[in-house]
Amino acid sequence: MRRSLIAAVLGFALCALPLAAFEIESETTFAVSAPTGTLRILSTTDTSLFAPVVRAFQTANPTTEVFYVSASSTEVMVAIETESAEFDLVVSSAMDLQTKLANDGFAQPFRSAATDIVPDWAKWRDSVFGFTQEPATLVLSVAAFEGLAMPLTRQDLIATLRANPERFQDQIGTYDVRASGLGYLFATQDSRTSESYWRLAEVMGALGTRLYCCSSDMIDDVSSGEIAVAYNVLGSYAAARQDIADKIHVIEPSDFTSTMQRTVLMLRQAENQTAAGKFINHLLETAWGKDSDALAAFHDFPRVIGDPANRKPIRLGPGLLVFLDRFKREKFRQAWEDAFVQ
Amino acid sequence: MAAMSPRTRSMRRQLIAQLVASSAILAAVLIFLFQGFARQFAEESLDNVLMASTTSILESVTERNGAVSVDIPYAALAMLGSVSDDRVFYRIDHGTEFLTGYGDLESADLGADGRTGFAASEFRGDQVRVVTASRLLSIGRVTVTVAQTQDGLSARLDTLFRRALVLGGAFFLLASGLSIWVATRAFRPLDTLARSVARRGPADLSAFAPTPLQEMVPLVAALNRFVNRLKRALGRSEDFITEAAHRVRTPLATVRTQAEVLMHRIEKDENRQTLRDMIRAVDESSRAAGQLLDQAMVNLRTDALDRAEVDLAACLSDVVTRLRPMADLRDISLRADLSDTCPISVDAILIQNALSNLLDNAIKYAPPETDVRVTTHCANGTATIRIEDGGPGFGAEDPEPLKERFVRGRSATGTVGSGLGLTIASQVFEAHGGHLTLSNREGGLGACVEVSLPRS
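Residue numbers (the numbering used here), protein chains in the order written: chain A, 1456 to 1797; chain B, 914 to 1369.
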């Protein structure tokens, strides 16, 4: 509290300073010809992926300028929790961190006709709203699996890896849970859902697994043949890459597919609440409205193999706070490192 | 102001109002109690979930290599999320050292057992329910505190309160409906008694039937005592009148005879006129006494009618025969069309007395040289007797009050009469279940007296 106060005072005194000290990935202004206000969004989503959503919003609200900053989920937490960075909305794939922001009182409740159509499992406290369902998929190199049966479950994958150790040696990639909030979320939810996660981790660790910060890097490496298997890759990112569609298989494991919801929340200190509300309505209407495919804004899965019935949406709620606990995180990191970093 | 009648109040309405007011109080108490229980129940179940969460976290705290190891179960916090969307805070302490969670959260004071504690406090601007549990490990005391905001509880209590209101409202409506029904039923015997009193004929002084309702017994008994007193009082006054009339009539007859004897001896015209006036006054008194006697007789007999099968035409014929000389004396043509026989069950003496009174009236009030017509009509259910005269009729006045005792019509001025004739006749016919109708003759001069008598 005192810290954020100091930060706010500092921010006031030194308002000439550009952005606060948290590390950003990119910063974009979606300008309009005659702006009447600016909506400031802090997001973990790549600008290129989110741009269509922003432009669609601006078609309906042509006088709202959108200032879009993308950063890693950890930096988003730093920005909001400790630096009180001035934004209106936070869009993030890190459901646990969004939940923590709302739980710790950084979010502001918002209700509208659009929030009413969101199913209960996709919102929390009228503060955090899910607007996508993005499965954690298995991305395989078409070339590397030449002549092999397509693994459709984790058990299949374990068997395939064990049977072909020389083919997959150093050919596996997954999130570095220490660097990626989303990777940590997927890994912890996997471990919570099934013991097979730890067996797979052992096998992957034994074969030598490359660790990544981001889904896009894994997809690039699979398509270029650098690696053969990428585990827990965001299906939405893979599907967006139409250019490499013939080089990769995107599989939703049929034992279970952890499904992340990208969420949006309005900050308590949001200055442009009207525009923020409109933007939330826009997102939710696009996602949950009757006329639109719930995934249209982000997804186009022509080649995903798997049954959406196996998707296991990660539920918003205080349970997500558990893996953010210092001890729990340390314990998980230890176990994860034991498996992967040998 | 004392002359003003007091404003009446409805006991039934008063009782209903009191019952409805009681229902409202009961409904309010019901709502209050329900709400209290609901709140207690909701708070207890919330405390139970918080305690379960706290306990499961506490059980995950272990000692490993001389250090405290905490492994919060996912369900510990997820279970709180399944109850409501409330914010959740926790802290874990080892002795006085803060281990993890929200460092600014205040633990609840441990209760008497030294292991668990509950508190309601404020955290980060929100009301929170705090549950603390503590356990002694080999390396020291570990304390876990879990807190949750109360928005879900308030929402649930609001719902419960609305439900309690609906329940209380329904209870109130039902109870009010029952109150109205019960109150209406409770007063029914009173209504029945009131109606039976109202239905009674003017001379019906019989006792009221005994009631099976305990509360009504004193009323009915009092009513019967009153009726008895009334009967005795009436009897006494009738006896007195009869006795008086009787005692007056005999000397009057003597006075009249002597006056007539005297009349023959007097030659002076003005003296004769005086004497004639005297005889006339004596006649009037004598007639009144006679009618008082008649009425006493009628009163006595109407209480217990001595019915017998007679021919109404024959009855009437007797009366006509008896009165014909008087009609002739006044040059009145008495025409009776009594060819039809009409068997009927009546007290012949009373009926003849009544008819005689009626006919006597007709002859008395009709001017000389007019007709008095008597006709009977014998229908299946009813026998009708009509007496029409050529007299002044009733004029524009309402003839009904003439049936009352001692009331005389305007046209009666100058004629000997007591005002009892119609009263006696009306009483007799009503005692037989019949009716006496007085009217002016249609389209002509004269009165029309119509008697209808039921034949069975």
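We put the beta carbon where it would ideally sit given N, CA and C, even for glycine.
Practice problem: Determine which residues share a DSSP beta bridge with A/K1767 and list them. | Solution: A/S1713
Quiz item: Among all the DSSP beta bridges, which residues are the ones paired with B/C1291?
Solution: Under DSSP, the beta-bridge partners assigned to B/C1291 are B/A1296.
Quiz item: With A/Q1626 and A/I1703 assumed to form a contact (beta carbons below 8 Å), what rounded beta-carbon distance in angstroms separates them?
Solution: 14 Å between Cβ atoms; not a contact.
Quiz item: Cα separation between B/A1249 and B/N1293?
Solution: 21 Å
Practice problem: Out of A/A1562, A/L1738, A/V1688, state which residue places its alpha-carbon closest to the alpha-carbon of A/T1629. | Solution: A/V1688
Quiz item: Under 7 Å between C-beta atoms, does A/L1776 make it to chain B?
Solution: yes
Quiz item: So A/V1777 and B/L990 are in contact, right, with Cβ under 8 Å, and what is the actual spacing, rounded?
Solution: 5 Å
Quiz item: What is the DSSP secondary structure of B/H1177, reduced to helix, strand or coil?
Solution: Helix at B/H1177.
Quiz prompt | Neighbour-count burial assignment, B/K1181, 16 or more Cβ in a 10 Å radius | solution = When all chains shown are included, B/K1181 counts as exposed.
Quiz item: Do B/D1302 and B/A1338 have their CB atoms nearer than 7 Å?
Solution: no
Quiz prompt | Three-way DSSP call (helix, strand, coil) for B/Y987 in this model | solution = helix
Exercise. Alpha carbon to alpha carbon, how far is B/E976 from A/A1700? Give it in angstroms, no decimals.
Key: Those two C-alpha atoms are separated by around 52 Å.
Quiz item: If you measure from the CB of B/E1183, is any heavy atom of the ligand NAP nearer than 6 Å?
Solution: Absence of the ligand NAP from the depicted structure is noted, as is the absence of any ligand whatsoever, leaving it without description.
Exercise. Go ahead and pull the three-state DSSP assignment for A/S1678.
Key: helix
Practice problem: Check each residue of the segment 1566–1592 of chain A: if its Cβ is closer than 7 Å to any Cβ of chain B, include it; give the result in chain order. | Solution: W1579, R1580
Quiz item: Among residues of its own chain, excluding the 5 on either side of B/F1121, which ones have a beta-carbon nearer than 6 Å to its beta-carbon?
Solution: V1133, L1136, N1137
Self-check item: Contact between the segment 1674–1681 of chain A and the segment 1580–1588 of chain A (3+ Cβ pairs under 8 Å)
Solution: no
Quiz prompt | Neighbouring residues, chain B, relative to A/R1647 (Cβ below 7 Å) | solution = Chain order gives the chain B residues near A/R1647 as Y987, where near means a beta carbon separation below 7 Å.
Practice problem: Would you verify that the beta carbon of B/D1071 is, or is not, closer than 7 Å to some beta carbon of chain A? | Solution: no
Exercise. Look up A/K1578 in the DSSP assignment and say whether it is helix, strand or coil.
Key: strand
Self-check item: Among B/I1300, B/T1295, B/N1270, the one whose alpha carbon lies nearest that of B/D1284
Solution: B/I1300
Quiz item: By the 10 Å Cβ neighbour count, where 16 or more other Cβ atoms means buried, how is A/W1576 classified, buried or exposed?
Solution: Burial check for A/W1576: the Cβ neighbour count within 10 Å stays below 16, so the residue is exposed.
Self-check item: A/V1759 to B/L963 span [Cα, whole Å]
Solution: For A/V1759, the predicted model reports a pLDDT of 44, less than 50, meaning its position is unreliable; a value from the coordinates is still stated below. Looking at the two C-alpha atoms, the distance is approximately 42 Å.
Quiz item: Should A/Q1644 go down as buried or exposed, given a rule of 16 or more other Cβ atoms within 10 Å for buried?
Solution: buried
Quiz item: Using a Cβ-Cβ distance under 7 Å, would A/K1555 count as near chain B?
Solution: no
Exercise. Would you please verify whether the beta carbon of A/F1782 is less than 7 Å from any beta carbon of chain B?
Key: At least one beta carbon of chain B lies nearer than 7 Å to the beta carbon of A/F1782.
Quiz item: Taking the beta strand (DSSP E) that B/F954 falls in, what are its first and last residues?
Solution: Here B/F954 belongs to no beta strand (DSSP E); instead the alpha helix (DSSP H) covers 924–973.
Quiz prompt | Classification of A/T1519 by the beta-carbon crowding that lies within 10 angstroms, buried from 16 upward | solution = Buried, because 16 or more other Cβ atoms sit within 10 Å of the Cβ of A/T1519.
Quiz item: Measuring CA to CA, which of B/D1207, B/A1201, B/D1244 is closest to B/E1282?
Solution: Measuring C-alpha to C-alpha distances from B/E1282 to each of B/D1207, B/A1201, B/D1244 identifies B/D1244 as the nearest.
Practice problem: May I ask you to verify whether the segment 1099–1117 of chain B touches the segment 1034–1044 of chain B, counting CB pairs closer than 8 Å and requiring at least 3? | Solution: no
Self-check item: Boundaries of the alpha helix (DSSP H) in which A/H1737 is found, first to last residue
Solution: 1728–1743
Quiz item: Residues in its own chain within less than 7 Å of B/S1092 by CB, not counting five upstream and five downstream?
Solution: Around B/S1092: I929, L932, V933, S936.
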